[in-house]
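Going down the list, the sequences are from chains A and B.
Residue 8 is where the first sequence starts when you use my numbering, and the numbers rise one by one after that.
Residue 8 is where the second sequence starts when you use my numbering, and the numbers rise one by one after that.
Have a look at the structure below before the remarks.
There are 2 protein chains.
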Amino acid sequence: MEKLSKELIGASTIPIILSILTKNESYGYEIIQNIKEISGGKIEFGEGTLYPVLHKLEKKGLIESSWKIAESGRKRKYYNISSEGEKELKIEKENWTTINQIISKIWKIEPNLI
Amino acid sequence: MEKLSKELIGASTIPIILSILTKNESYGYEIIQNIKEISGGKIEFGEGTLYPVLHKLEKKGLIESSWKIAESGRKRKYYNISSEGEKELKIEKENWTTINQIISKIWKIEPNLI
DNA sequence: CAAATATACATAGAAGTTCGATGTATAAAA
DNA sequence: TTTTATACATCGAACTTCTATGTATATTTG
Numbered sequence: 008m009e010k011l012s013k014e015l016i017g018a019s020t021i022p023i024i025l026s027i028l029t030k031n032e033s034y035g036y037e038i039i040q041n042i043k044e045i046s047g048g049k050i051e052f053g054e055g056t057l058y059p060v061l062h063k064l065e066k067k068g069l070i071e072s073s074w075k076i077a078e079s080g081r082k083r084k085y086y087n088i089s090s091e092g093e094k095e096l097k098i099e100k101e102n103w104t105t106i107n108q109i110i111s112k113i114w115k116i117e118p119n120l121i
Numbered sequence: 008m009e010k011l012s013k014e015l016i017g018a019s020t021i022p023i024i025l026s027i028l029t030k031n032e033s034y035g036y037e038i039i040q041n042i043k044e045i046s047g048g049k050i051e052f053g054e055g056t057l058y059p060v061l062h063k064l065e066k067k068g069l070i071e072s073s074w075k076i077a078e079s080g081r082k083r084k085y086y087n088i089s090s091e092g093e094k095e096l097k098i099e100k101e102n103w104t105t106i107n108q109i110i111s112k113i114w115k116i117e118p119n120l121i
């Protein structure tokens, strides 16, 4: 069970985060666990990796944050996707489809199911 | 007709270069034209981008170079993929398949796909 | 035939990224 | 009560991409 390359992780980080936030609001720590689970351990973000990405996305206006107190009494910074973020996700999905078509063409395999 | 994001290009650079060299030996300038053509202009490497990547791949032993004189009389640095490079390409292909499975899984969570 | 363009390689520096290390703080479990 | 899990944050090293710049030669155009 190997981990994926830095480059592939980097390319998928933003679409994955935005996709997760499209479904439900979430917070940094949970997003890390969520991605780890969904990817079967193949994508494991450190906190020092994810938090700056969230800050960057917020600064660009793609997500919005609000502090909340969980039932546990613990403070959490919840993130929601913005309408700008939804537009961006749409573009990212199209880009992902495009690169898959290019790669498939080069590899001469059937285009991917995405 | 938009260009792809830096991240997606970065993730695909090495597999694309190695794939091209699997078919035929080639040289920097030609690889740039080749990728531009295959991608329908969506991936356009500058020379300052590609040459350092080729040097890096050679340093890592994934490709090998040799100077040749073309019929035109022009000097060209031809690159071939090494057996190490073929192994690496196999891994890269597997990684690409994996990330696609993860991404498609995440996108299936929400109903409105592109 | 002179000038412009295309071919062909190379490096430097700016800007941006990932990621391990480190720090703070609190709740839950051992 | 000590450890582990939860939850946020920043820093600096290492690496990347990309624009700009430089060198040089062949081909095409005016």
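The beta carbon of each residue, even a glycine, is placed where N, CA and C say it ideally should be.
- Closer than 8 Å to the CB of A:GLY80 there is not a single CB belonging to chain B.
- Under the Cβ distance rule, B:ASN102 counts among the residues neighbouring chain A, one pair being separated by less than 8 Å.
- Residue-level contact check: B:ASN31 does not touch chain A, since none of the beta carbons of chain A fall below 8 Å from its beta carbon.
- For A:GLU71, the uninterrupted beta strand (DSSP E) run begins and ends at 70-76, by DSSP.
- Boundaries of the alpha helix (DSSP H) around A:ILE113: 90-114.
- In its chain, beyond the 5 residues on either side, no residue has a beta carbon closer than 8 Å to the beta carbon of B:SER79.
- Across the stretch 16-47 of chain A, CB contacts with chain B closer than 9 Å involve ILE16, GLY17, ALA18, SER19, THR20, ILE21, PRO22, ILE23, SER26, ILE27, THR29, LYS30, ILE42, ILE45, SER46 and GLY47, in sequence order along the chain.
- Taking 8 Å as the cut-off, the Cβ atoms of B:SER26 and B:LEU96 count as close.
- Counting the other CB atoms within 10 Å of its CB gives A:GLY35 a total of 16 or more, which places it among the buried residues.
- Counting along the chain, the unbroken alpha helix (DSSP H) around A:ASN41 starts and ends at 35-45.
- At least 8 Å separates the beta-carbon of B:TYR58 from that of B:SER72.
- Around B:SER33, the same chain offers ILE27, ASN41, TYR85 and TYR86 as residues with beta carbons nearer than 8 Å, after the five sequence neighbours per side are excluded.
- For B:ILE50, the C-beta contacts it makes with chain A under 9 Å involve ILE106 and ILE109, in order along the chain.
- Apart from the 5 residues on each side of it in sequence, A:PRO22 sits with its Cβ closer than 6 Å to the Cβ of GLU99 in its chain, given in chain order.
- Its chain contains LYS49 and ILE50 as the residues whose beta carbon lies nearer than 7 Å to that of A:LEU11, once the 5 sequence neighbours on both sides are disregarded; these appear in chain order.
- For a cut-off of 8 Å, the C-beta gap from A:TRP114 to B:ILE110 is around 17 Å, too long to register as a contact.
- Across the structure, A:ILE45 and B:ARG83 are spaced so that their CA atoms are roughly 47 Å apart.
- Counting C-beta atoms within 10 angstroms of its own C-beta, A:GLY92 has 16 or more neighbours from the protein chains shown and is therefore classed as buried.
- Under the Cβ criterion of 8 Å, B:LYS67 is not counted among the residues facing chain A.
- Residue burial is scored here from C-beta neighbours: A:GLU54 has fewer than 16 other C-beta atoms within 10 angstroms and is therefore classed as exposed.
- A:THR105 and B:THR20 have their C-alpha atoms spaced approximately 14 Å apart.
- Using a Cβ distance threshold of 8 Å, B:ILE24 and B:ILE38 count as a contacting pair.
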